[in-house]
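*Asks:* Let me begin by handing over the structure; questions about it come next.
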Amino acid sequence: MTYRLLTNWAIDSAGPYQRGAARPCFGYSLPRIQPLSDWERRGILHTGPIAGEHPILRSPVPGNTRSGVMIDMGSFHDRDRAGPYFEGWYFKHQGPQGHALALIPAFHIDREGHCTASLQIISRDRSWWLEHPADQLQVSRRPFGIQIGRSSFSSQGIGLHIHQDGLSLCGTLRYGPFAALRSDIMGPFRFFAGMQCSHGVISMGHSLKGALELNGEVLDLSDGIGYIETDRGRSFPSAYLWTQCVWNGPERGSLMLAIATIPLPVGGFTGCICSVLYRGREYRLATYRGARIETWSSSGAVIRQGKYRLEAQLLSEQGQALRAPVEGRMERTIHESLCAEVRYRLWHGKDLLFQRTDLNASFEHSAAN
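So the mapping is simple: the numbering used here equals the position in the sequence shown, first residue as 1, plus 218.
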């Protein structure tokens with residue numbers, strides 16, 4: 219069974235729906251409900267609206283709304299939640315005129331229980347790090363929403379009002395319905411409590427409407443595409459590769475690939491997760507489905523699962539510095555190319571299912587220290 223979103227994104231949903239899957243609802247795709255984290259189960263919650271929220275959080279778009287609880291970031295420090303822990307959300311936006319911008323709101327708790335929040339912004343040629351007190355960040359899981367300072371992020375869009383540390387970034391973007399995956403990208407690994415870092419995909423693609431003004435430059439993102447994912451845990455993997463791209467056109471699609479070293483109490487392994495949405499179907503390649511990593515390096519990767527073979531080859535990049543968590547502290551420097559040139563090819567046996575060279579691909583690689 220295939221259902222088509224109003225944005226013309228389609229997801230192959232053959233078979234019975236699973237708990238946590240995206241389900242059709244009057245032509246829309248509803249994002250998967252995130253499982254409760256440990257600190258939610260422990261009752262560090264409160265109900266009610268986000269104080270001082272941007273109006274965008276009160277203007278729902280059908281298909282991206284849920285009712286639920288509100289999590290007050292300030293409660294963590296007050297209730298002495300044990301660290302280390304971090305959680306962050308990656309919002310990427312790209313427009314038809316070549317504009318691109320990603321924002322990463324996050325919170326982090328170190329071993330001593332010190333809690334802070336941050337917002338990182340990355341463009342084609344620069345990045346910014348903005349630190350905030352913990353009480354300036356509030357998060358809702360259902361409905362999905364984040365407020366940090368005077369800026370808001372939700373399933374309906376974002377509203378930005380930033381004038382800080384030489385950065386001026388203002389404007390509003392509206393999101394169309396999310397293309398959500400049928401099931402958690404982590405598969406059975408999501409049940410493993412000892413995971414150093416867990417990955418999640420919130421939207422593989424959605425339409426954009428609106429514009430942002432970045433230091434006097436207008437970024438018109440209307441008719442563009444967005445992508446949202448999340449990470450949480452204690453630390454980023456010591457060595458990993460991550461790449462993502464989403465594109466419009468007659469054969470629109472979206473791809474996310476991550477490879478990382480996974481430490482265990484005894485030993486460890488290198489695993490991969492990958493989802494490709496193309497022509498109304500999801501191709502899922504992952505370690506928990508038998509995928510093997512044939513090669514991976516700073517220049518790309520090749521993974522194989524049965525007759526499927528995915529190649530990602532980095533052709534050019536312009537990396538910008540970002541901070542990443544180490545035991546809850548944002549003290550590691552990594553580099554991400556927001557608009558790298560990457561060639562992707564997916565094979566099934568001798569049949570080339572698709573080949574795409576994308577100039578707006580995100581690419582990130584970090585070797586073990």
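A virtual CB, placed ideally from N, CA and C, is assigned to each residue, including glycine.
1. Where Ile327 and Arg368 are concerned, what is the direct C-alpha to C-alpha distance, given to the nearest angstrom?
2. Would you be able to state if there are at least three C-beta pairs under 8 Å between the segment 315-323 and the segment 512-522?
3. Do Gly537 and Gly524 have their CB atoms nearer than 8 Å?
4. Please go through the same chain and pick out, in chain order, the residues whose beta-carbon is closer than 7 Å to the beta-carbon of Trp347, but skip the five residues on each side of it.
5. What number of angstroms, rounded off, separates the C-alpha of Ala585 from the C-alpha of Ala476?
6. Under 8 Å, with one C-beta from each stretch per pair, do the segment 370-388 and the segment 427-438 reach the 3-pair mark?
7. If I follow the unbroken beta strand (DSSP E) through Gln356, where does it start and stop?
8. Tell me which residue opens and which closes the beta strand (DSSP E) that Ser372 is part of.
9. Leaving out five residues before and five after Glu545 in sequence, what residues of the same chain have Cβ atoms less than 7 Å from its Cβ?
10. Between which residues of its own chain and Arg502 is the CB-CB distance below 6 Å, once the five residues before and five after are set aside?
11. Taking the continuous beta strand (DSSP E) assigned at Lys525, which residues delimit it?
12. Go to Phe572, then tell me how far its beta strand (DSSP E) extends in each direction, as first and last residue.
13. Can you name, in chain order, every residue of its own chain whose Cβ lies under 6 Å from the Cβ of Tyr506, other than the five neighbours on each side?
14. Just the C-alpha distance for Leu570 and Leu564, rounded to the nearest angstrom, thanks.
15. Which term fits Ala300, buried or exposed, when burial requires 16 or more other beta carbons within 10 angstroms of its beta carbon?
16. Tell me whether the beta-carbon of Phe309 lies closer than 8 Å to the beta-carbon of Ile403.
17. Would you please state the rounded distance, in angstroms, between the beta carbons of Leu391 and Leu426? I believe it to be under 8 Å.
18. What residue range does the beta strand (DSSP E) around Val494 cover?
19. Alpha carbons only, please: which of Gln312, Ile552, Phe371 is nearest the one belonging to Leu437?
20. If I'm right that Leu533 touches Arg561 with Cβ under 8 Å, what's the distance once you round it to whole angstroms?
21. Which residue or residues does DSSP assign as beta-bridge partners of Ile480?
22. Under a Cβ-count criterion, where at least 16 other Cβ atoms within 10 Å of its own Cβ denotes burial, should Arg470 be classed as buried or exposed?
23. Could you compute how far the alpha carbon of Arg342 sits from the alpha carbon of Gly442?
24. Enumerate in chain order the residues of its own chain whose CB-to-CB distance from Ala269 is below 6 Å, with the five nearest sequence positions on each side excluded.
25. For Leu385, report the span of its beta strand (DSSP E) as first-last.
26. For Ala429, name the three-state secondary structure that DSSP assigns.
27. Round the Cβ separation of Ala579 and Gln462 to the nearest angstrom and send it over; I've been treating them as touching at under 8 Å.
28. With DSSP as the reference, identify every bridge partner of Gln438, one or two as the case may be.
*Replies:* So, to answer that:
1. Their Cα atoms are separated by approximately 22 Å.
2. As far as the Cβ criterion goes, the segment 512-522 does not touch the segment 315-323, which means the pair count is below three.
3. Cβ distance not < 8 Å, so Gly537 and Gly524 don't count as in contact.
4. Counting only Cβ-Cβ distances below 7 Å, and skipping sequence neighbours, we find Ser336, Gln338, Arg541.
5. Computed Cα separation, rounded: 14 Å.
6. At 8 Å Cβ cutoff, the stretches touch.
7. Taken as a continuous stretch (DSSP letters only), the beta strand (DSSP E) holding Gln356 covers 355-358.
8. Looking at the DSSP string, the run of the beta strand (DSSP E) that includes Ser372 is 369-372.
9. Closer than 7 Å at Cβ, skipping near neighbours: Pro302, Asp328, Arg329, Arg452, Ser453.
10. Cβ neighbours of Arg502 beyond the five flanking positions: Ser493.
11. Counting along the chain, Lys525 falls outside any beta strand (DSSP E), and DSSP gives it neither H nor E.
12. For Phe572, the enclosing beta strand (DSSP E) starts and ends at 569-584.
13. Taken in chain order, the residues that qualify are Gly405, Pro406.
14. One C-alpha to the other measures close to 6 Å.
15. When all chains shown are included, Ala300 counts as exposed.
16. The answer is no: Cβ separation not under 8 Å.
17. Their Cβ separation, rounded to whole angstroms, is 6 Å, which keeps Leu391 and Leu426 in contact under 8 Å.
18. Counting along the chain, the beta strand (DSSP E) containing Val494 begins and ends at 486-496.
19. Check the Cα spacing between Leu437 and each of Gln312, Ile552, Phe371: the tightest is with Gln312.
20. Sure, about 6 Å apart at Cβ, within 8 Å.
21. Phe487, per the DSSP bridge assignment.
22. Counting of Cβ neighbours within 10 angstroms places Arg470 among the buried residues, the total reaching 16 or more.
23. Whole-angstrom Cα-Cα distance: 16 Å.
24. Legend: pLDDT at Ala269 = 31, less than 50; position of this residue unreliable, value from coordinates given subsequently. Contacts found: none.
25. Counting along the chain, the beta strand (DSSP E) containing Leu385 begins and ends at 385-393.
26. Here Ala429 carries a strand assignment [DSSP, helix/strand/coil].
27. Confirmed, Cβ separation roughly 7 Å.
28. This sequence places Asp at residue 438; Gln is not what is there. In DSSP, Asp438 forms a bridge with Ala429.
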